[in-house]
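Everything below concerns the one structure shown next.
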Amino acid sequence: MFLQESETSTTTRVRRPLTAPDDTGSGSAPNPPDSAYRLAVASLQTLAQEIKDLAERAQATLRDPAAHLGAGSGAMSDIALASVPRWHFAMLNDTERNSALVSALESSVPPGSHVLDIGSGTGLLAMAAVRAGAGRVTTCELNPLLAEVARQIIDAHGMSDTITVIGKPSTELVVGKDIDARADVLVSEIVDCGLIGEGLLPSIRHAREHLLAPDGIMLPATARLYGQLVQSESMARLNRVDMASGFDVSLMNSLATPGHFPVRLNTWPHQMLSGAVPLVAFDLEKGILGPGARTLPVAAETDGLAHALVVWFELDLGATTLCNGPDSKDSHWMQALVPFELPVPVTAGEKVPLRLSWSDYRLSVTVA
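The structure is reproduced here in structure tokens:
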């Protein structure tokens with residue numbers, strides 16, 4: 001039986017200025033700075049350097065746009081590599097994913113309705129909505145380069161009069177300014193391997209309140225998470241290190257990915273220590289889509305050392321479902337590995353009490 005997501009209290013974050021250490025020891029910086037502080041400052045310096053490099057490249061390009069921004073130019077390739085994740089190609093070639101979403105639109109879109117598509121990409125779902133009978137489609141894409149690609153693809157298919165591409169996040173759309181009225185149908189497939197990593201929950205929260213008609217149709221309507229305990233030292237090492245060639249390099253773990261990260265389960269040695277269990281179900285139509293947590297017992301079926309919980313999603317699209325489980329070997333989505341801070345010994349027959357937590361973007365797990 002699935003546990004429904006719950007409402008939890010929010011935490012107010014207090015922002016404080018960060019002062020870099022100086023040579024004189026004056027100011028508010030620790031003296032000497034502790035390790036965590038120095039790492040935080042270094043991370044900001046790295047970000048500042050990346051921004052500086054991008055700004056310099058942009059200025060050089062803008063001095064002579066015609067020479068630098070032609071199709072196939074080095075500058076265009078650099079920009080595309082930096083700003084458009086490569087998984088877009090695998091996603092567009094995922095025929096199971098495409099077919100499921102197109103079928104859902106064909107069975108759900110009322111003739112002449114207004115469809116809002118969150119996350120345009122290339123405009124695929126927006127065009128599928130028109131083909132399914134939508135009278136007009138508003139689609140938004142936060143990446144300006146992808147938004148322009150979508151406009152040109154949509155124009156090439158003769159749908160520019162029906163589809164409006166807006167180059168901004170859905171959470172910045174305003175009815176009466178960006179769109180003339182609330183949408184009749186909302187479709188959004190902004191999901192990562194662990195469902196929530198691309199901001200599905202806050203995007204749907206905002207859209208329900210501000211962009212979708214009260215009796216509007218939501219695609220997907222429900223999203224469920226499943227999981228299994230897994231033993232795999234190989235996968236645990238993808239995000240953790242202690243010793244290397246006799247040296248303690250464990251400080252590197254402070255840069256590890258927090259929460260879940262993607263793994264292709266069938267490419268790594270592993271042993272499942274439990275059966276698949278339902279973790280949580282998100283009612284995207286009416287549920288409370290905030291951060292939360294659940295404690296649930298997971299029955300171990302084999303003795304072993306649990307390094308993580310492997311997690312996958314199932315999207316309810318009405319006419320069909322879409323899943324990235326371990327058996328979905330052709331899916332472009334990998335599975336999500338949610339590691340324990342330390343490996344957990346388990347015994348066959350034991351019920352392991354897990355505490356699964358989620359923020360707006362990350363999954364995490366501990367032993368309760």
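Using the UniProt record's numbering, you'd call the opening residue of the sequence shown number 1 and step up by one each time.
By construction, the Cβ of each residue, glycine as well, lies at the ideal position given by its N, Cα and C atoms.
Just so it is clear, the structure is predicted and the values come from calculations on it, not from any experiment.
Considering only 38, 266, 333, the residue with the shortest C-alpha distance to residue 190 is 333. Counting along the chain, the unbroken beta strand (DSSP E) around residue 312 starts and ends at 304-316. In this structure, the beta-carbon distance from residue 355 to residue 368 falls below 9 Å. The closest CA to that of residue 365, considering only 159, 213, 230, is found on 230. Ranked by how close their Cα comes to the Cα of residue 99, the residues 110, 124, 118 have 124 in first place. A straight line joining the alpha-carbon of residue 109 with that of residue 247 spans about 60 Å. Looking at the backbone, the Cα of residue 313 and that of residue 279 are separated by about 10 Å. With respect to residue 301, residue 256 sits apart: the two C-beta atoms are not nearer than 9 Å. Only exposed fits residue 51, as fewer than 16 other CB atoms lie within 10 angstroms of its CB. In the DSSP secondary-structure assignment, residue 282 is bridged to 223.
Residue 338 is a Cβ neighbour of residue 259, given a cutoff of 9 Å. For the region 66-145, the full-length beta strand (DSSP E) segments reaching 3 residues or more read 114-118, 136-140 along the chain. Of the candidates 176, 136, 186, the residue whose Cα lies closest to the Cα of residue 160 is 136.
Ranked by how close their Cα comes to the Cα of residue 212, the residues 226, 225, 188 have 188 in first place.
Straight across, the Cα-Cα distance linking residue 148 with residue 118 is about 15 Å. For residue 198, same chain residues with a beta-carbon under 7 Å away, outside a window of 5 residues either side, are 190, 191, 192 in chain order. With fewer than 16 other CB atoms across the displayed protein chains lying within 10 angstroms of its CB, residue 233 is exposed.
Residue 155 carries a helical assignment under DSSP once its states are collapsed to helix, strand and coil.
Between residue 140 and residue 113, the C-beta gap is not smaller than 9 Å, which leaves the two residues out of contact. Contact between residue 311 and residue 265 does not hold, since the beta-carbon distance rounds to 11 Å and is not under 8 Å. Between residue 194 and residue 219, the C-beta spacing is not below 9 Å.
In the same chain as residue 87, and ignoring 5 residues on each side of it, the C-beta atoms closer than 8 Å to its own belong to 332, in chain order.
In the same chain as residue 273, and ignoring 5 residues on each side of it, the C-beta atoms closer than 7 Å to its own belong to 229, 230, 231, 300, 301, 302, 304, 306, 346, in chain order. Contact annotation, residue 97 with residue 284: C-beta distance approximately 18 Å; criterion of less than 8 Å not satisfied. Spatial neighbours of residue 126 in its own chain (CB-CB distance under 6 Å, excluding positions within 5 residues in sequence) are listed in chain order as 117, 137, 139, 163. The DSSP assignment places 200-210 as complete runs of the alpha helix (DSSP H) inside the region 152-210, in order along the chain (cut-off: 4 residues).
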